[in-house]
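Engineer: This structure is in structure tokens; I'll ask about it shortly.
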Amino acid sequence: MQSNQSHSNRHSAQQYIGEYAQAALIAEARLTPKPGLVDAQNNGSHDDLDLALMIRSASCLTPYFTEMAAAGDGQPVSQWLRETIGRIGREAEACMLAETHGVNTHRGAIWALGLLSTATTMTGKACQSATHICQLAGQLAQIEDRHAPVTFSKGQRASNHYQVNGAKQQAQLGFPAITRHALPTLQHSRRLGHSETEAQLNALLSLTAHLTDTCVLHRAGLAGQMHLQQCSRDILAQGGVSTSQGMARLQQLDRDMIALHASPGGAADLLAATLFVDWVTHPAQSK
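So the sequence shown is numbered by UniProt numbering: it starts at 1 and just counts up by one.
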């Protein structure tokens with residue numbers, strides 16, 4: 001009986017992880033306003049995306065994040081585990097593309113949240129720190145998946161052209177953009193009494209202020225990237241979006257990015273990942 005109860009508890013925990021991952025993706029999509037990104041106000045710089053599509057995509061991915069969490073349960077970092085979650089991730093991507101009729105809504109998020117979902121269960125202990133989860137995910141990301149098909153995305157082209165780190169390197173480094181910038185900003189903003197929406201927007205701005213986003217580089221070059229970073233830093237320096245001036249500047253930045261046809265998709269993926277690690281380490285925050 002005790003063994004069955006333990007198995008049931010583990011299964012329940014893995015299911016919660018999948019649901020947290022889905023909730024984080026939906027929360028990121030609904031967060032408004034965001035610069036050049038799909039939100040409840042507009043479709044940002046995207047002609048092929050809208051909020052309903054983003055939510056449908058996120059919802060179909062839940063069982064795959066649950067499966068990746070189950071794969072990591074009590075497991076050490078290993079080639080087997082890396083390749084197991086790589087296979088599940090490719091299945092998740094196929095499901096996403098079927099749901100969206102070929103539109104890439106969450107490829108980067110599957111990579112980041114897949115690694116983090118797996119890392120969350122690897123120690124077999126509850127309430128581990130966000131930093132530890134990110135470190136374990138980084139160790140997994142450093143292992144090459146021998147079965148992964150060779151691809152060369154637009155983000156990878158921009159990464160190579162401008163000699164900057166992309167999503168793969170961010171994961172391999174243990175997600176420093178999350179642990180050093182987004183998560184501290186999110187938590188600090190809450191302590192100041194800002195609304196949850198304001199705290200999440202400030203966390204996003206901390207990412208766009210520091211992250212070299214290959215999605216932006218691909219569409220708007222270095223000038224667009226520098227404009228996004230500088231405006232994000234200025235808004236945060238003025239107190240963030242909780243001030244009327246900060247919110248007005250964010251609305252203007254949204255218009256600027258749409259005019260440039262640029263969208264910080266990498267930052268959006270990392271914001272969802274930030275919310276995920278925050279919620280799995282502090283479940284009360286997700287309510």
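In this text, a Cβ means the ideal position worked out from N, Cα and C, and glycines have one as well.
According to DSSP, is residue 175 helix, strand or coil?
Structural biologist: In the sequence shown, residue 175 corresponds to position 175, counting from 1. Three-state result, residue 175: coil.
Engineer: Tell me which residues share the same chain as residue 185 and place their Cβ nearer than 7 Å to its Cβ, disregarding the 5 neighbours each side in the sequence.
Structural biologist: Along the sequence shown, read from residue 1 onward, the residue named residue 185 stands at position 185. Closer than 7 Å at Cβ, skipping near neighbours: 202, 203, 206.
Engineer: Per DSSP, what kind of secondary structure is residue 206 in: helix, strand or coil?
Structural biologist: Here residue 206 refers to the residue found at position 206 when the sequence shown is read from its first residue. Residue 206: helix per DSSP, three-state reduction.
Engineer: Whose CA, out of 30, 39, 261, lies closest to the CA of residue 216?
Structural biologist: Taking the sequence shown and counting its residues from 1, the one referred to as residue 216 is at position 216. Of the candidates 30, 39, 261, the one whose C-alpha sits nearest the C-alpha of residue 216 is 261.
Engineer: On the CB-based measure, 16 or more other CB atoms within 10 Å of its CB, does residue 150 come out buried or exposed?
Structural biologist: Your numbering for residue 150 matches position 150 in the sequence shown. Counting Cβ neighbours within 10 Å, residue 150 comes out exposed, since fewer than 16 surround it.
Engineer: Looking at residue 122 and residue 136, is the spacing between their C-beta atoms short of 7 Å?
Structural biologist: Reading the sequence shown from its first residue, position 136 is the one you call residue 136. Reading the sequence shown from its first residue, position 122 is the one you call residue 122. Contact: yes.
Engineer: Grouping DSSP H, G and I as helix and E and B as strand, with all else coil, what is residue 12?
Structural biologist: Along the sequence shown, one-based indexing puts residue 12 at 12. DSSP places residue 12 in helix when its eight states are reduced to three.
Engineer: What are the boundary residues of the alpha helix (DSSP H) that includes residue 82?
Structural biologist: Within the sequence shown, residue 82 is the residue found at index 82, counting from 1. Unbroken alpha helix (DSSP H) run through residue 82: 79 to 100.
Engineer: Quick one: what does DSSP say residue 274 is sitting in, helix, strand or coil?
Structural biologist: Along the sequence shown, one-based indexing puts residue 274 at 274. Reduced to three states, the DSSP call for residue 274 is helix.
Engineer: At the level of alpha carbons, what is the spacing between residue 86 and residue 140?
Structural biologist: Along the sequence shown, one-based indexing puts residue 86 at 86. Along the sequence shown, one-based indexing puts residue 140 at 140. The alpha-carbon atoms of residue 86 and residue 140 are separated by roughly 10 Å.
Engineer: Mind checking residue 218: buried by the 16 CB within 10 Å criterion, or exposed?
Structural biologist: On the sequence shown, position 218 is the one that residue 218 refers to. Buried: at least 16 other Cβ atoms inside 10 Å.
Engineer: How would you write the range of the alpha helix (DSSP H) that residue 244 sits in, first residue to last?
Structural biologist: The residue labelled residue 244 in the question sits at position 244 within the sequence shown. Unbroken alpha helix (DSSP H) run through residue 244: 244 to 260.
Engineer: Between the alpha carbons of residue 23 and residue 111, how many angstroms are there, rounded?
Structural biologist: The sequence position of residue 23 within the sequence shown is 23, counting from 1. The sequence position of residue 111 within the sequence shown is 111, counting from 1. Rounded to the nearest angstrom, the two C-alpha atoms are 16 Å apart.
Engineer: So which of 130, 108, 132, 255 has the shortest CA-CA distance to residue 267?
Structural biologist: Counting from 1 along the sequence shown, the entry for residue 267 is found at position 267. Per the Cα distances, 108.
Engineer: Could you spell out the range, first to last residue, of the alpha helix (DSSP H) harbouring residue 72?
Structural biologist: Walking along the sequence shown from the start, residue 72 turns up at place 72. 51 to 72 is the extent of the alpha helix (DSSP H) around residue 72.
Engineer: Quick one: is residue 230 buried, meaning 16 or more other Cβ sit within 10 Å of its Cβ, or exposed?
Structural biologist: For the purposes of this step, residue 230 is taken as residue 230 along the sequence shown, with counting starting at 1. Exposed: under 16 other Cβ atoms inside 10 Å.
Engineer: My assumption, with CB atoms under 8 Å, is that residue 25 sits in contact with residue 106. Please give the rounded CB distance.
Structural biologist: Position 25 of the sequence shown, counted from the start, is the residue given in the question as residue 25. Position 106 of the sequence shown, counted from the start, is the residue given in the question as residue 106. The pair is a contact, with the Cβ atoms about 6 Å apart (cut-off 8 Å).
Engineer: Between residue 144 and residue 13, what straight-line distance do the alpha-carbon atoms span, to the nearest angstrom?
Structural biologist: Here the question's residue 144 lines up with position 144 in the sequence shown. Here the question's residue 13 lines up with position 13 in the sequence shown. So the two alpha carbons sit approximately 28 Å from each other.
Engineer: Reducing DSSP to helix, strand and coil, say where residue 143 ends up.
Structural biologist: Along the sequence shown, read from residue 1 onward, the residue named residue 143 stands at position 143. Residue 143: coil per DSSP, three-state reduction.
Engineer: Per DSSP, what kind of secondary structure is residue 265 in: helix, strand or coil?
Structural biologist: For the purposes of this step, residue 265 is taken as the residue at position 265 of the sequence shown. Correct three-state label for residue 265: helix.
Engineer: Going by other Cβ atoms of all chains shown within 10 Å of its Cβ, with 16 needed for buried, is residue 147 buried or exposed?
Structural biologist: Indexing the sequence shown from 1 puts residue 147 at position 147. Its Cβ having fewer than 16 others within 10 Å, residue 147 is exposed.
Engineer: Could you check what DSSP says for residue 35 in three-state terms: helix, strand or coil?
Structural biologist: The sequence position of residue 35 within the sequence shown is 35, counting from 1. Here residue 35 sits in coil by DSSP.
Engineer: Who are the near neighbours of residue 161 in its chain, counting only those whose CB is closer than 6 Å to its CB and skipping five residues on each side?
Structural biologist: Counted from its first residue, the sequence shown places residue 161 at position 161. No answer about residue 161 holds up, because its pLDDT of 49 lies below 50 and its placement is not dependable.
Engineer: With a CB to CB cut of under 8 Å and the five nearest residues on each side skipped, what residues in its chain are close to residue 258?
Structural biologist: For the purposes of this step, residue 258 is taken as residue 258 along the sequence shown, with counting starting at 1. Cβ neighbours of residue 258 beyond the five flanking positions: 36, 42, 44, 45.
Engineer: Using a Cβ-Cβ cut-off of 6 Å (strictly less than) and excluding sequence neighbours within five positions of residue 269, which residues of its own chain qualify?
Structural biologist: The residue labelled residue 269 in the question sits at position 269 within the sequence shown. If we look at residue 269 and ignore the five residues flanking it on each side, its Cβ neighbours are 108, 109, 112.
Engineer: Determine, using beta carbons only, whether residue 178 and residue 273 come nearer to each other than 7 Å.
Structural biologist: As a first step, residue 178 must be located in the sequence shown, where it is residue number 178. As a first step, residue 273 must be located in the sequence shown, where it is residue number 273. Yes, the Cβ-Cβ distance between residue 178 and residue 273 is below 7 Å.
Engineer: Spatial neighbours of residue 239 within its chain, please: C-beta separation below 7 Å, excluding the five flanking residues on both sides.
Structural biologist: Taking the first residue of the sequence shown as 1, we reach residue 239 at position 239. Closer than 7 Å at Cβ, skipping near neighbours: 246.
Engineer: Starting from residue 150, follow the alpha helix (DSSP H) in both directions and report where the run begins and ends.
Structural biologist: The count along the sequence shown starts at 1 and reaches residue 150 at position 150. Looking at the DSSP string, residue 150 is not in any alpha helix (DSSP H), and its letter there is neither H nor E.
Engineer: Might you give, ordered along the chain, the residues of its own chain that have their beta carbon closer than 7 Å to the beta carbon of residue 129, omitting 5 neighbours on each side?
Structural biologist: Against the sequence shown, residue 129 aligns to sequence position 129. Excluding residues within five positions, the ones whose Cβ falls inside 7 Å are 281.
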